[in-house]
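In UniProt numbering, the protein residues as written are 550 to 985. Don't be surprised by glycine CBs; every beta carbon is placed ideally from N, CA and C.
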Amino acid sequence: PAAGHEEHADLLDRRDAVFATAQEHYYADPPRIERGWRHHLVSTEGRSYLDIVNNVTPLGHAHPRLEQAVSRQLRRLNTNSRFHYASVVEFTERLAALLPDPLDTVFLVNSGSEAVDLGIRLAIGASGQLDVVALREAYHGWTYASDAVSTSLQDNPNALATRPSWVHTVDSPNSYRGRHRGADAVRYGPEAAAMIGDLAASGRPPGAFLSETFYGNAGGVALPEGYLAEVYAAVRRHGGLAVADEVQVGYGRLGHWFWGFEQQQVVPDVVCVAKAMGNGHPLGAVITSKEVAGRYRDQGYFFSSTGGSPVSSVVGLTVLDTLREEDLQGNAVRVGGRLKSRLQELANHHDIIGAVHGSGLYLGLELIRDHTTLDPATEETAELCDRMLDLGVIVQPTGDHLNILKIKPPLCIDATAADFFTDTLDRALTQLGHRR
Ligand code: PMP
């Protein structure tokens, strides 16, 4: 074991010597993960961890069906997407069929950042308007345009001060700890709509309003009722488009809705998807109408060498088939519902639990020091994550105050593992002295 530890530390040093410092990692002293199976991860020391953070792998780790499909396709053909082959046509048709009219035209890319970047370019191209309105406390990616609309202070403390002048932000519509709380949260929509009106009056009508459709980055907080309907109407009234970032919350994770925008009862003009689509393989997409895609054709160019490659298309199809055949969206309803009510029960014993946000298997457990001031329990949350790791659970914080546990495990998680998670959380909170 001593030699193992040295090798482990050496690998971390080598990592820190060559990786750009902007790259983030989990844990100061992370386990080295060697393999995964369903919702479990196994370290080189043979320890097994319950994976509560992996919304990138809805089917679970090392799914044999995906492994076989990819191996078969890699043996046959993988090349750039200018060639003509059946899987890319099938996959594109299947994706388009998942969206309501008039969203029938698909661009295949390799990541969420690319999808959001292209989504913004499509909206600007189609509207001829260069300004974009985004939410505060949002994360949308690292490319020039997707970073420009990312305002999350957790990722970049200078985010608000360093926005390019074409980005305009509106309040984080957080009904738990935002400016308007509880029933007052209905005020966020009209305020954002008024801000869009003011921009238009000043001669800068926005080309896009971009947001997550269920507030993932802010901790899995549902947007206030009617919010997107109000804001989408405002941006369209002034010639702009509604762009939905479904990278985290879409693809069945919310349980009751395949897409987050369904929860808000709206249809966006442009939908950006990634993460879950590829179960860890780089795959993303932008889906829009023929009209919007056509207007962009005169303004910009699109070709992605590996977006929709033969292997990526097979991955995309296999993920969709498996999601359906294993009823993973149904599992998100069942296991997510159980998890949420068990977490709500835990709140009776631990004052530090302020709220349980979210839906299906996208939940956020918000930790606070005081139920009146909602003072965020940031340090306690970091300490809790380290203790959970010791007890065999990988879970991480999110939100501008890093005081919300993001609970977004592979969609194949079962009731036993969900119970293990809540029991372990109870134990860790008790050990840390938070039990009432
Ligand atoms: N949008 C949202 C909401 C995200 O959470 C992320 C990634 N965390 C992205 C976009 C960017 O996706 P990617 O990391 O695949 O570029």
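*Please classify R563: is it buried, with 16 or more other beta-carbons within 10 angstroms of its beta-carbon, or exposed?*
exposed
*asked:* Three Cβ pairs or more, each shorter than 8 Å: is that satisfied between the segment 755-775 and the segment 908-926?
replied: yes
*Between S862 and I902, what straight-line distance do the alpha-carbon atoms span, to the nearest angstrom?*
42 Å
*Alpha carbon to alpha carbon, how far is L560 from I582?*
12 Å
_Quick check for students: name the residue ranges of the alpha helix (DSSP H) that lie wholly in the segment 807-875, counting only runs of 4 or more._
809-812, 839-846, 859-874
*Flag this pair as touching only if the segment 660-669 and the segment 687-695 have three or more C-beta atom pairs under 8 Å; answer yes or no.*
yes
*Regarding G907 and the ligand PMP, is the C-beta to nearest heavy atom distance less than 7 Å?*
no
_beta-carbon H717 near the ligand PMP non-hydrogen atom, thresh 7 Å_ = no
*Who are R584's beta bridge partners in DSSP?*
V591
*May I ask whether a heavy atom of the ligand PMP can be found less than 7 Å away from the beta carbon of E686?*
no
*Cβ of S714 within 8 Å of Cβ of A708?*
no
*asked:* Given a cut-off of 8 Å on the beta-carbon distance, is the pair N880 and L940 in contact?
replied: no
_Considering Cα atoms alone, identify which of A749, I943, T867, R918 is closest to R621._
T867
*Note down, in chain order, each residue of its chain lying with its Cβ closer than 6 Å to the Cβ of T718, except the 5 sequence neighbours on either side.*
A683, R685, T700
*Cα-Cα separation, N897 to R844*: 55 Å
*Identity of the residue in P859, F970, D600 nearest V637 by Cα*: P859
*Could you say if the segment 939-955 and the segment 598-613 meet the contact criterion of at least three C-beta pairs nearer than 8 Å?*
yes
*Alpha carbon of A566 to alpha carbon of G553, nearest angstrom*: 20 Å
*So does V796 have its beta carbon nearer than 7 Å to some heavy atom of the ligand PMP?*
yes
*Taking the beta strand (DSSP E) that K955 falls in, what are its first and last residues?*
953-956
*asked:* Given 7 Å as the limit, tell me if V820 has its C-beta closer than that to any heavy atom belonging to the ligand PMP.
replied: no
*Could you give the residue range of the alpha helix (DSSP H) that holds Q878?*
877-895
*Do the segment 813-827 and the segment 774-786 touch if we need at least three Cβ pairs shorter than 8 Å?*
yes
*Just the Cα atoms here: how many angstroms apart are V819 and V605?*
22 Å
*For E761, verify whether its CB is less than 7 Å away from any heavy atom of the ligand PMP.*
yes
_Rounded to the nearest angstrom, what separates A749 and A842 at their Cα positions?_
24 Å
*In chain order, what residues of the same chain lie with their CB nearer than 6 Å to the CB of residue 986, ignoring the 5 residues before and after it?*
Residue 986 lies beyond the range of the chain shown here (550 to 985); nothing can be said about it.
*asked:* From the DSSP secondary-structure annotation, give me the bridge partner or partners of V605.
replied: In DSSP, V605 forms no bridge with anything.
*Apart from the five residues on each side of it in sequence, which residues of its chain come closer than 7 Å, Cβ to Cβ, to R984?*
H898, H899, L978
*Under a three-way DSSP split, which group does Q945 fall into?*
strand
*Would you mind working out which of M937, S751, A823 sits nearest L667, comparing C-alpha positions?*
A823
*Starting from the Cα of P739, find the closest Cα among L777, R596, Q617 and give me that residue.*
L777
*State the start and end residues of the unbroken beta strand (DSSP E) segment that holds D600.*
597-600
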